[in-house]
Amino acid sequence: MPRYNCDRCPKGFMTEARLTVHKLEEHDVDDRIKCNACKKSFNSKYVLQNHIQNFHKLGKRFKCEFCDFETYGCGSIYKHMFKHKTVKDNQCRFCKKAFKRKGTLIVHERIHTKDKCKVCGVCGKTFVQRISGKAPRAPKFYLRDGDFKKEGDAYLCTRCDKRYYKVFSLRFHVKTKHYKIPRFICQYCPKEFMTQAPLTVHKLEDHNIDDRFKCNACKGTFNTKVQLRKHINNFHMLGEKYKCDFCDYESFSFEGPKVKPKPEYYTRTADDRYDCNHCDKTFVSQPLVSQHYRFVHQKKRPRERKCPHCDARVPGYLRAYHLEEAHGIPAPKCGVCNKKFRYPCHVVQHQKKVHMGEKTVACEICSKSFFNNLSLRLHMVTHSTEKKFKCGQCEREFRWENNLKDHMKIHTGDKRYVCVVCEKAFVQKSTLKQHVMRNHRGLDVALK
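All letters in the sequence shown, in the order written, are residues -4 to 443 by the working numbering.
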């Protein structure tokens, strides 16, 4: 006998959720109750009240009698109390095995009654318990003595000389990169994967199964419960608040101390520039000075990444060329000027900056707008009277480093700009232009 009847047609349903779905699909009526804080909908006032008390923490606080655990939901405190329970008072009537929870006893007795109520959505095979249909977990991987060596607080991989400061990071690196042991196995087919993300994509594409964990507040999806819990605590600010011991900074996420030492190959100046400690070069950002140190002083090649379509490894700046030449995949291209880029995100950034003229930051002095903070930082030099770049021979000062480099050619005698008519050489291109305008006016002279 149905408990819930539709007030617009004679249909009846056993649950209120099915009645709500029926009204939405058949009658296009949404009479659910909405939460004023997060706009989530509920079928009854009772469910909404539980949501407000537990999720938004506006209800009664329950505290554990044996430890410091506190919660806003009575169901959560009931589940927590089983951690302190030591008596197994729920006994199986077939094999006399005892359990703490009555629900665990009910599931266990299905083994004796052969009640196979769990059905596989792919092949239709039935199981007694939900865990019966899952693939067995792979054995834990242990590091061997020859896989690493310890240098102070760091762990050094003996195969590729990579340095790690946490044991689990080294173990994951050795297991996946050198031993090629997959971490995740699909429970619906024998395929294996190194990480959780390709396994999730495989389930969606091949089996049409989405078993990701969904956030009830923003509908975000996550591969694991740990990721979902961190998202709720940090993004929705429902976790514990951490405060800095030295200033007023507060955060909902906690990260341990940075045990990785600060790089010693550069020095950050007061004007947010980065000086290389091995030469006299200066850079505007930390990635640029790191790249300079890696390529120039360490003599390392650009980092190569694996092609998604073959086993070839190519550097980032050759990725688009490799995909186009080897696999016939066209490089991401701007539809306005046909300029090619490595990644689609670079195309979007190019179109916003060049063709759309998007400007997100403004100068506080002259109100002139710019595309990003880097362009604004370069513009702020025009408002400064300080000339930080000084010539070591004539003590002349310049605002820009490029102007100093052009000036130094006068002292070194680097005359690379040559007139094609009289073969007279000049240090700067501007001086060559003046020479052509004065002495060769009327002649079609190409500047080299």
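Ideal Cβ placement from N, Cα and C applies to all residues, glycine included. This structure is a prediction, so every number in the text was calculated from the model and none was measured.
### Complete alpha helix (DSSP H) runs within the stretch 32 to 85 (minimum length 4 residues, chain order)
40 to 49 and 69 to 75
### Query
Relative to the C-alpha of C90, which residue among R96, V82, L100 and T81 is closest?
L100
### Query
DSSP three-state call for D270: helix, strand or coil?
strand
#### Entry: Collapsed DSSP secondary structure at V415 in the structure displayed
coil
### Query
In three-state DSSP terms, what is R300?
strand
### Task
Below 6 Å CB to CB, which residues in the same chain sit around H304 once its five sequence neighbours on both sides are set aside?
H322
### Task
Could you tell me which of C115, K170 and K120 sits nearest to D142, measuring between CA atoms?
K170
### Message
Can you tell me which residues form a DSSP beta bridge with P310?
### Response
E299
### Query
Does the Cβ-Cβ distance between L427 and C417 come in under 8 Å?
no
### Message
Starting from T10, trace the alpha helix (DSSP H) in both directions and tell me its first and last residue.
### Response
That residue, T10, is in no alpha helix (DSSP H); it is neither H nor E in DSSP.
### Task
Quick one: using the 10 Å Cβ neighbour count with 16 as the cut-off for buried, is H46 buried or exposed?
buried
### Message
Are the CB atoms of T277 and Y288 within a distance shorter than 8 Å?
### Response
no
### Proximity of F393 and H402 at Cβ, strictly below 8 Å
yes
### Query
Alpha carbon to alpha carbon, how far is Q222 from C62?
26 Å
### Query
Residue ranges of each alpha helix (DSSP H) run of no fewer than 4 residues wholly in the stretch 306 to 363, ordered along the chain?
314 to 321 and 339 to 345
### Query
Quick one: does K120 have its CB under 8 Å from some CB of chain D?
Looking at the structure shown, chain D is missing, and only one protein chain is on hand.
### Query
Once you ignore the five residues that flank Y159 on each side, which residues in its own chain have a CB closer than 6 Å to its CB?
Y150 and L165
### Query
From what residue to what residue does the beta strand (DSSP E) around E262 run?
Looking at the sequence shown, residue 262 is not Glu but Thr. Looking at the DSSP string, the run of the beta strand (DSSP E) that includes T262 is Y261 to R263.
#### Entry: Integer-rounded CB distance, given that E320 should sit under 8 Å from A326
Going by Cβ atoms, the distance from A326 to E320 rounds to 10 Å, so no, they are not a contact pair.
### Query
Mind checking whether K92 and H103 have CB atoms under 8 Å apart?
yes
### Task
Could you spell out the range, first to last residue, of the beta strand (DSSP E) harbouring A149?
A149 to C152
### Task
Helix, strand or coil for T277, going by three-state DSSP, please let me know.
strand
### Task
Please classify V123: is it buried, with 16 or more other beta-carbons within 10 angstroms of its beta-carbon, or exposed?
buried
### Query
Is it buried or exposed for C271, if we count other Cβ within 10 angstroms and need 16 for buried?
buried
### Message
Can you tell me whether I405 is helix, strand or coil according to DSSP?
### Response
helix
### Query
Which first and last residues belong to the alpha helix (DSSP H) in which F167 is found?
V162 to H168
### Task
Just the C-alpha distance for K175 and S364, rounded to the nearest angstrom, thanks.
51 Å
#### Entry: Simplified DSSP state of F290, which is helix, strand or coil
helix
### Task
State the Cα-Cα distance for the pair F57 and Q48, rounded to the nearest angstrom.
11 Å
### Query
What is the DSSP secondary structure of A93, counted as helix, strand or coil?
strand
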